[in-house]
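Read the structure below first, then the notes.
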Amino acid sequence: KILSTDHTSFNFAILFAISMLGKLILAISWNLDRLYNLYARYSDRRRRRRRNDDDDDDDRPPPPSALTGTTYAQLEWWASDALQLQRLAHEMAGSGTWGGGLDEAPVTTGCDEKLAALDFDEERRRPVLKPLCGKGGGGAGGEEMPGQGAEGKDGEVQEGGGAAVGAGEAAHCRAMSV
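UniProt numbering numbers the first residue of the sequence shown as 1 and each following residue consecutively.
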């Protein structure tokens with residue numbers, strides 16, 4: 001064999017095999033939690049079937065179908081997802097009505113819902129979520145949110161004073177307090 005820089009030879013079968021192996025690894029990593037959930041449900045069904053065959057006098061009701069086969073560890077894993085933690089924080093702040101289960105991405109059910117904003121106070125030295133409107137319309141009464149200012153005569157936003165909640169946000173606060 002004479003090696004030359006004019007041309008290079010590649011084995012197409014090896015390149016194809018490496019490409020397919022990489023795609024397989026990606027597909028498994030993207031679906032690992034779903035695959036584990038299917039395995040857990042299957043093994044739980046087998047375990048319950050064996051137990052029911054052993055004692056037929058069991059009067060316990062079956063678990064809800066949405067949580068069948070899921071362990072506490074799996075529920076904890078889903079609840080600790082970044083999107084679920086954000087949903088929990090907004091729910092605790094009292095903003096947004098949410099849809100979607102633990103194994104789905106959480107979404108707000110309303111189309112024009114305003115979520116809570118970060119409020120950073122120097123005394124607390126940590127940010128907290130503060131709803132744009134408090135329970136009972138507290139935000140519509142002239143309370144200024146962080147990072148917002150009142151509009152001046154020329155339509156410019158002035159940081160500092162005045163009511164920052166506009167007419168649309170005030171209507172949203174009244175609607176949310178009902």
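Even for Gly, the Cβ is constructed at its ideal location relative to N, Cα and C.
Beta-carbon spacing of residue i, residue j below 8 Å
i           : j           : result
residue 79  : residue 130 : no
residue 118 : residue 90  : no
residue 105 : residue 85  : no
residue 101 : residue 107 : no
residue 74  : residue 40  : yes
residue 97  : residue 113 : yes
Spatially closest choice to residue i from the options, by CA coordinates
i           : options         : result
residue 77  : 36, 21, 122, 2  : 36
residue 132 : 95, 11, 87, 120 : 95
residue 103 : 38, 44, 9, 2    : 38
According to DSSP, residues forming a beta bridge with residue i
i           : result
residue 117 : 130
residue 98  : 108
Buried versus exposed call for residue i [16 or more other C-beta atoms within 10 Å across all chains shown]
i          : result
residue 15 : exposed
residue 87 : buried
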